[in-house]
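Since the structure comes first, as structure tokens, the remarks are kept for the end.
Protein chains in written order, with this note's numbering: chain A, 1 to 310; chain B, 1 to 296.
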């Protein structure tokens with residue numbers, strides 16, 4: 001009884017893990033930053049693009065000092081959704097700097113150029129860029145052209161991060177069009193790597209991530225050994241239901257969900273290590289029963305353990 | 001406590017202006033707002049209108065003058081949050097604290113100072129530091145005491161200088177766009193400079209040491225001196241009558257009236273400690289070491 005009272009709720013670790021995917025993804029972002037080059041970077045949904053971008057922005061040491069110039073070398077925003085008005089992109093870009101009083105769009109355009117120059121912005125990253133309408137892309141070209149021109153003479157890198165489906169990279173068709181604007185845009189893309197696909201994790205890389213999970217959850221599950229199940233986990237997570245493109249790669253989102261589900265079940269059953277039954281149950285849930293309707297009634301609510309939200 | 005640098009992961013990043021500044025020593029609130037506009041690459045009046053909108057400052061009908069004279073309607077706390085600086089630093093851009101200590105009501109001040117006030121600047125102060133000093137609020141100040149040049153209230157195009165005007169860059173003429181630092185540096189009149197030096201000395205005295213009691217004591221003392229010297233001819237009769245107080249129950253005259261009267265009586269603040277020892281500055285303690293006096 002005393003043991004029951006002392007047992008803490010299961011704590012889900014959400015620290016950023018620098019996986020192989022993140023190293024590849026941030027590698028291309030760093031290239032764009034250092035060389036001021038333009039790229040369209042694609043990866044499957046759930047691979048960790050947004051988390052990687054949030055972590056990457058901190059590499060620039062952004063700071064807002066008192067009585068000194070603002071420093072924001074890397075600007076990252078998410079493309080406005082379902083909003084084709086140019087003002088929506090201008091407002092999203094302006095809010096990255098903090099509180100900005102409302103001003104007309106013609107003044108905001110000028111202000112953004114001034115502010116990008118003043119904050120020494122060196123790289124602009126747009127997440128979910130597949131949602132950008134054509135006029136937003138045209139504005140990005142205008143913004144970067146104004147920064148390159150006198151008096152600023154500041155070239156900046158541009159990364160349009162898109163969610164990939166199959167082998168199709170969004171925006172590729174748009175930027176390959178024959179109109180003058182797109183030809184100008186296409187001309188600014190990087191010569192060697194204009195359109196990049198960042199691949200997910202191989203089996204060995206899945207093993208490395210499982211090792212990281214072991215270390216992270218060791219305090220809660222002292223005997224945890226996940227790496228011995230690498231082969232099985234890899235096979236399950238590359239099932240056609242979970243990997244419709246048959247890429248043979250595992251996304252971080254799927255792997256995290258699988259591991260979290262397994263560890264939660266293990267903890268609730270008061271075990272200190274995972275076993276085959278728990279793993280198979282989690283795999284079946286993810287592969288076969290993921291989209292099923294689940295009935296919630298009072299008895300079920302009473303049996304659900306409360307996990308602490310970090 | 002001043003937060004020197006805000007990190008990107010700090011929630012304050014999203015709730016503060018892009019460029020943060022703090023007031024310069026002896027800076028005027030209006031000048032500080034203009035510097036905030038300039039630092040953030042905004043047009044003039046942007047910060048002020050943003051604060052007005054957020055705080056619904058409906059009492060500001062005539063923004064420039066009332067902002068200068070009655071900043072009590074201004075929400076310092078909100079501006080302090082946007083810049084992450086103490087509100088006390090912003091209060092020092094006004095004379096609120098000094099005047100409250102002297103027990104001058106804001107309403108009284110509005111009527112006495114506003115009549116005499118016109119916006120003017122020192123081109124040299126603007127050129128060096130983009131600074132509008134607090135003393136520009138004081139009546140009868142027409143020279144910059146630091147640069148000894150005439151203050152300017154008109155542009156070269158003859159339009160009046162206005163601190164806040166939409167679609168105008170900060171510190172620029174609203175009509176022709178000339179920057180205030182490009183205004184001519186006209187040498188001041190020597191006698192006028194001397195007069196204003198005395199006047200500023202009295203203002204400085206009252207603002208640093210002044211209390212209501214002190215003002216009454218000084219006035220009663222000057223009453224006696226003026227009667228002895230029969231110097232009422234230096235003042236208009238109406239002024240002289242106003243100064244015939246016998247007790248503390250009468251309302252105070254305006255501070256500018258008190259200062260003018262003291263100057264007319266040819267008195268300086270240095271004479272006050274000899275008459276009122278309780279307002280004397282404490283003597284610095286010294287000690288002798290190897291034949292040399294050192295201050296403690």
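Each residue gets a CB set at the ideal place from its N, CA and C atoms; glycine is no exception.
Run the proximity test for residue i: is its beta-carbon closer than 6 Å to any non-hydrogen atom belonging to the ligand NAP?
i: residue 171 (chain A); result: Because no ligand of any kind appears in the structure shown, any question about the ligand NAP cannot be addressed here.
If you draw a straight line from the C-alpha of residue i to the C-alpha of residue j, how long is it?
i: residue 138 (chain B); j: residue 28 (chain B); result: 11 Å
i: residue 164 (chain A); j: residue 52 (chain B); result: 47 Å
i: residue 152 (chain A); j: residue 92 (chain A); result: 22 Å
i: residue 22 (chain B); j: residue 256 (chain B); result: 30 Å
i: residue 277 (chain A); j: residue 199 (chain A); result: 31 Å
i: residue 223 (chain A); j: residue 272 (chain A); result: 5 Å
i: residue 88 (chain A); j: residue 80 (chain A); result: 6 Å
i: residue 230 (chain A); j: residue 101 (chain A); result: 53 Å
i: residue 41 (chain A); j: residue 84 (chain B); result: 38 Å
i: residue 202 (chain B); j: residue 261 (chain B); result: 11 Å
i: residue 218 (chain A); j: residue 50 (chain A); result: 27 Å
i: residue 266 (chain A); j: residue 214 (chain A); result: 13 Å
i: residue 150 (chain B); j: residue 134 (chain B); result: 16 Å
i: residue 253 (chain B); j: residue 121 (chain B); result: 28 Å
i: residue 258 (chain A); j: residue 282 (chain A); result: 7 Å
i: residue 162 (chain B); j: residue 70 (chain A); result: 29 Å
i: residue 37 (chain A); j: residue 280 (chain A); result: 46 Å
In chain C, what lies closer than 8 Å to residue i by C-beta?
i: residue 41 (chain B); result: This model lacks chain C altogether, as its protein chains are A and B.
Grouping DSSP H, G and I as helix and E and B as strand, with all else coil, what is residue i?
i: residue 58 (chain B); result: Note on residue 58 (chain B): pLDDT 49, under 50, position unreliable in the model; the coordinate value appears next. In this structure, residue 58 (chain B) counts as coil in the three-state DSSP scheme.
i: residue 223 (chain A); result: coil
i: residue 181 (chain B); result: helix
i: residue 234 (chain B); result: For residue 234 (chain B), the predicted structure reports a pLDDT of 49, less than 50, and the residue's modelled location is therefore unreliable. A value from the coordinates is still provided. Helix at residue 234 (chain B).
i: residue 120 (chain B); result: coil
i: residue 264 (chain A); result: helix
i: residue 94 (chain B); result: coil
i: residue 209 (chain B); result: helix
i: residue 16 (chain B); result: coil
i: residue 63 (chain B); result: The predicted position of residue 63 (chain B) is uncertain, since its pLDDT is 48 and thus under 50; no value can be drawn from it.
i: residue 5 (chain B); result: strand
i: residue 125 (chain B); result: helix
i: residue 157 (chain A); result: strand
i: residue 84 (chain B); result: coil
i: residue 33 (chain A); result: helix
Could one say the Cβ of residue i lies closer than 7 Å to chain B's Cβ atoms, at least one of them?
i: residue 195 (chain A); result: no
i: residue 16 (chain A); result: no
i: residue 133 (chain A); result: no
i: residue 198 (chain A); result: no
i: residue 97 (chain A); result: yes
i: residue 151 (chain A); result: no
i: residue 101 (chain A); result: yes
So is residue i buried or exposed if we call it buried at 16+ other beta carbons inside 10 Å?
i: residue 30 (chain B); result: buried
i: residue 208 (chain B); result: exposed
i: residue 43 (chain B); result: buried
i: residue 24 (chain A); result: buried
i: residue 236 (chain B); result: Note that residue 236 (chain B) has pLDDT 49, beneath the 50 cutoff, so the model's placement of it is unreliable and the number below is only indicative. Flag for residue 236 (chain B) reads exposed.
i: residue 110 (chain A); result: exposed
i: residue 209 (chain A); result: buried
i: residue 246 (chain A); result: exposed
i: residue 61 (chain B); result: For residue 61 (chain B), the predicted structure reports a pLDDT of 47, less than 50, and the residue's modelled location is therefore unreliable. A value from the coordinates is still provided. Exposed, because fewer than 16 other Cβ atoms sit within 10 Å of the Cβ of residue 61 (chain B).
i: residue 295 (chain A); result: exposed
i: residue 166 (chain A); result: exposed
i: residue 143 (chain B); result: buried
i: residue 218 (chain B); result: buried
i: residue 190 (chain B); result: exposed
i: residue 118 (chain B); result: exposed
i: residue 47 (chain B); result: buried
So with Cβ pairs under 7 Å, would you call residue i a contact of chain A?
i: residue 298 (chain B); result: As displayed, chain B neither begins before 1 nor continues past 296, which places residue 298 (chain B) out of reach and without an answer.
i: residue 208 (chain B); result: no
i: residue 46 (chain B); result: yes
i: residue 299 (chain B); result: With chain B represented from 1 up to 296, any question about residue 299 (chain B) goes unanswered, as that position is not in the structure.
i: residue 79 (chain B); result: no
i: residue 50 (chain B); result: yes
i: residue 131 (chain B); result: no
i: residue 63 (chain B); result: Confidence is the limiting factor: at residue 63 (chain B) the pLDDT is only 48, short of 50, which leaves the residue's position unreliable, though a coordinate-based value still follows. Chain A, which has no Cβ nearer than 7 Å to the Cβ of residue 63 (chain B), makes this no.
i: residue 169 (chain B); result: no
i: residue 82 (chain B); result: yes
i: residue 60 (chain B); result: Note that residue 60 (chain B) scores a pLDDT of 46, beneath 50, so its modelled location is shaky; the value from the coordinates is reported in the next line. With 7 Å as the cut-off, residue 60 (chain B) does not count as an interface residue toward chain A.
| message | If the cut-off is 8 Å on Cβ atoms, which residues from the stretch 16 to 27 of chain B count as contacting chain A, listed in chain order? | response | 16, 17, 18, 19, 20, 21, 22
| said: Give me the subset of the stretch 53 to 74 of chain A whose CB atoms are less than 8 Å from a CB atom of chain B, sorted by chain position. | reply: Residues of the stretch 53 to 74 of chain A with a Cβ closer than 8 Å to any Cβ of chain B, in chain order: 57, 58, 62, 63, 64, 65, 66, 67, 69, 70, 72.
| field | Contact list for the stretch 3 to 15 of chain B against chain A, Cβ threshold 9 Å | value | 3, 4, 5, 6, 7, 8, 9, 10, 12, 13, 14, 15
| task | Closer than 8 Å, Cβ to Cβ, to anything on chain B: give me those residues from the stretch 156 to 181 of chain A, in chain order. | result | none
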